[in-house]
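Asker:
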Amino acid sequence: MVSQTLTTSTPPPPPPQWVLDLNSTPPSRVKSSALPDPPGFTSSTSTVQAGKKGKGVTSRKSPSQEEMDTLKLKKAWEVALAPAKQLPMNAFGMYMTGNSLQIFSIFMVLMLFKGPITAIIGIQNTFARFESQSEGMRDKMLGVKAVFIACNLAVLALGIWKVDQMGLLPTTRSDWLAWESAREPLERAYFVSS
C-alpha cells in the first residue's frame, strides 16, 4: 500500500499568473486614432499609416557648421561659468565651518585648493570637445578659457581667505622672524555656559 501511493504522483501545480504574464509577450495595444503621436515620435504603426496616406516622413536636417559652433560655444560658456555658480555654496560652507582648526574645515579648505588647481591644469582636456577648426571660434574659446580660469581663481581666493581667517597664513613679523614675539591680543571674549 505504501509503494502504491509513492508511484502515483500528482501533477505539479500550475505556475502563478505573474510567471505566465512574464513569459508571454504583451498583447498589442490598439492605438487610438483620436490622439496624435507627440512631436518627434515615430512608431512603426504611425510610419505605416503615414506611408498609406502618401505623406513622407520628413527627417530633420543636420545642423550646419555655424550652428554647431554656436551650440558648442554655448555649452563651453556653461562649463566656464560652473565654478562661479558653485562659489556662493562654497562661501556659505566656509562660513558655517567656523574659524577654528577642525577636520571638517581643513578638508573644506583642501577641496577649495585642489578643485581649482586641477581644473586649471586640465583646461585643455575640459574644452577639447568644444574646439572647432574655424578661426573665429578659436578666438572666442580663448575668452571662454580666460573666464574659466578667472572663476577658478575666485574659488582659490576664497580658499586663501578661509586659510587667513583660520590663522594659518604667515602675515605677521613673528611668523617669519624667530626673535620677534607673537602679538598678544588686548582682550579676549569667552562664552561661559551656566
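Under our numbering, the residue at position 62 of the sequence shown is numbered 62, and the numbers go up by one with no gaps.
All residues carry an ideal CB built from backbone N, CA and C; glycine is no exception.
For the 8 Å Cβ check, are there 3 or more pairs between the region 131–144 and the region 168–184?
Answerer: no
Asker: Please list the terminal residues of the continuous alpha helix (DSSP H) segment that includes K75.
Answerer: Q65 to T97
Asker: If we ignore side chains and look at the alpha-carbon of each, how far apart do P39 and R60 end up?
Answerer: 12 Å
Asker: Helix, strand or coil for G143, going by three-state DSSP, please let me know.
Answerer: DSSP places G143 in the helix class (H, G or I) of the three-state scheme.
Asker: Would N90 and L156 be called neighbours here (beta carbons separated by less than 8 Å)?
Answerer: no
Asker: If I'm right that C151 touches L81 with Cβ under 8 Å, what's the distance once you round it to whole angstroms?
Answerer: 7 Å
Asker: For A119, is the beta carbon positioned less than 7 Å from some heavy atom of the ligand MG?
Answerer: Ligands in the displayed structure: none, and consequently the ligand MG is not present.
Asker: Answer with buried or exposed for K114, where buried requires no fewer than 16 other C-beta atoms within 10 angstroms of its C-beta.
Answerer: exposed
Asker: So, do the region 118–127 and the region 135–148 have three or more beta carbon pairs nearer to each other than 8 Å?
Answerer: yes
Asker: For P70 and I149, what's the separation of their Cα atoms in angstroms?
Answerer: Reading off the sequence, residue 70 comes out as Thr, not Pro. Using only the alpha carbons, I get a separation of about 21 Å.
Asker: Quick check on DSSP: helix, strand or coil for V192?
Answerer: coil
Asker: By Cβ distance below 6 Å, which residues in the same chain neighbour E180 in space, the five residues on each side in sequence not counted?
Answerer: R173 and S174
Asker: Where does E187 fall in DSSP's three states?
Answerer: coil
Asker: Which residue marks the beginning of the alpha helix (DSSP H) containing W176, and which one marks its end?
Answerer: R173 to W176
Asker: May I ask you to report which of helix, strand or coil DSSP gives Q17?
Answerer: In the three-state scheme derived from DSSP, where H, G and I count as helix and E and B as strand, Q17 is classed as helix.
Asker: Going along the chain, which residues of its own chain have a beta-carbon closer than 6 Å to the beta-carbon of T42, five neighbours each way excluded?
Answerer: none
Asker: Over the uninterrupted alpha helix (DSSP H) stretch that includes P116, give me the two end residues.
Answerer: I103 to I121
Asker: With DSSP run on the structure shown, which of helix, strand or coil describes M137?
Answerer: helix
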